[in-house]
Structures are given as structure tokens and as C-alpha cells.
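Below: one structure, written as C-alpha cells.
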Amino acid sequence: MERIILLCVVSTCLSAIHAQKFLFSPKWGPVGYKEHEEHGDGTAMDDIIKANEFHASRIIDGTTSLREGDIAVTAGRRSKVCFARSCLWSKSVDGHVYVAYRLSPDYSEMETKLIKKGMENIEKGTCVRFVPRTHQQDYIDIQPKSGCWSYLGARGGRQTVSLQSPDCLRVGVISHEFMHALGFVHEQSRFDRDNYVTVMWPNIWRDRLRNFEKFKTDNLNLPYDYGSIMHFGMYAYSQDGEPTIVPKNIKNIKLGQTSSLSHIDKLKINKLYQCGDADDY
Ligand SMILES: [Zn+2]
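Next comes the structure, spelled out in C-alpha cells:
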């Protein structure tokens, strides 16, 4: 009898382990994305999560890993101070902020067009201009590596922005990664976010809880932007299809943005780089 009970316990344990593996296997897609996709209103960040969870490792190489899902951080290097004004691209005397880029020759003509569209998205109404690199020392090196990710702000010298083909080659995703390169973190990482959204911790995929941390951000005196291209979608990292971020005291508002920057995103850029109003550009 004892042996039978023991056997039962072992088999229960085994099936529990199996279930856990299934639950946390990278191949297992959190239900939330699928359901959300069917509604046809996915955000740029939903696309990024999908691409990064299925293809990329959270460790890019020995010393660099991804924070919040798509921000590359190198161990030992300054990373969180970028919310201040220490990691800005320099401003030209003509008032524009020129960001030099090199585009991998591996992209097709069509893909190159999309990437440029992602840049135009940011340039329109802001002082930022992306220019092909000629001699500039600081530049972004856009490559189809594994996943969609970027470093935060200007690091000095060459810095990679990874836009894997085809998963990351959507205009919204491209603009989102360039926003990180300009120095912006995710909107719901703002230190005051709990006044505006409720993070539904029990619904989050357990080993991705850290992607919902808050940081000491410089909010530039701008209102919380539910519709920012840098905002997680309502179902980001959902483990059971239930929402993971819910707006507070406000109904029928969409979190995040599919393909374009919000008005406040543009204000943010102009404020951070002290460029005046969108009307000036
Ligand atoms: Zn991001």
C-alpha cells in the first residue's frame, strides 16, 4: 500500500514538473498575445515581446542582457543614469539633433524603406534627424541580429540597434527601438505610474516580473501618456490571457501604440533635447 502511495506521489510530482516546464518553456506562447492579436489592436511592444520571447535570448552576449524586454544593458556600464541628461545625442548649432546611422547591407530594399519610415516617424514634428554615417564617431549600427532591442541613450562610439528580419521590421517597432536609443524608457516604468495604472502582478508570466519595475525617471513635466509608443500593451507578458496593466480611473483607453508616436512622445523628444515646439519642425 505504501508503495502505491509513494508511486502516486512520484507521478504527481513528475506531472507537476512537466506542467511547469510546459508553462515556462520559451516555446509556450502566453495566451494574452494571441487573444490580443485577434482584436487587431496590438501595440509595438506586443510585437517586440513576441519576437524576443520566441527568438532572442535575454542574454545577448556574456556581459550584455535585456532589461524590460528590449533594452540592452552591459554589466558594469552606467545604465540607469540615462534618465538624466547624460546620455543625449549632441545638438547641432542649427538646432537639430543629428543621429548618424549605419544600415546593415543584409536588409533588402523593402526592409530599408521600412526602417527609414520608422525614422521619419520620429523626425516628423521633432528636431531629430537620422543621417547616414559619414565620419561621425557616435552612431547607431542597425543590424538584423536576434530580436528587437536597443541600448538606452547615446553611449558614445558605435552602438547596435537590432531589428531582426522580418519580426522586428514593423514601423512601430522600429520607432520604439529608436526612442530607446534617444534615451527613453518604457512609459509605465515612470516612478509615478502607480497613480495612473494598476500592475496586475498575479497575471504576469512569473519570470518576467522584473520587466515591470519602476525607475527614477525624468518625466519632463509631461503628463502620463497611456498612448505612448513606449507603453506596454494591456496584455504584456500575460501568462493566462488576463490583463497585466490596467488604467486607473479611466475606461476605454488604449494602452500603447501600434505604429506611430503619440503627440506626447514628440513633445518628450523636443523637451529632452530642448528643441522647442513641434510646430517649429
Ligand atoms: Zn522597449
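Sequential numbering of the sequence shown, starting at 15, is according to my numbering. Don't be surprised by glycine CBs; every beta carbon is placed ideally from N, CA and C. Only a predicted model underlies this, so the values are computations on that prediction, with no experimental measurement involved.
Using a Cβ-Cβ cutoff of less than 7 Å, which residues in the same chain neighbour Y251 once the five nearest sequence positions on both sides are dropped? P44, I63, I218, W219, R222, N225, T258
Check whether the Cβ of D60 lies closer than 8 Å to any heavy atom of ligand 1, and answer yes or no. no
Status (buried if at least 16 other CB within 10 Å, exposed otherwise) for A313: Nothing can be reported for residue 313, as the shown portion of the chain is limited to 15 through 295.
Closest by CA to V199, which one among V113, K265, G83? G83
For ligand 1, I want to know if M133 counts as a neighbour, meaning its beta carbon is within less than 8 Å of at least one of the ligand's heavy atoms. no
Give the DSSP bridge partners of T88, in chain order. T78
In the DSSP assignment, find the unbroken beta strand (DSSP E) run with A114 in it and report its ends. 111-117
L236 beta carbon less than 9 Å from that of K268: no
Less than 8 Å between C-beta atoms, sequence neighbours within five positions excluded: which residues of the same chain meet that for S274? N135, V185, G186, S189, I243
Own chain residues within Cβ distance below 7 Å of G197, not counting five before or after: C96, C101, L102, L166, G167, L286
E227 beta carbon near ligand 1 (any heavy atom closer than 8 Å): no
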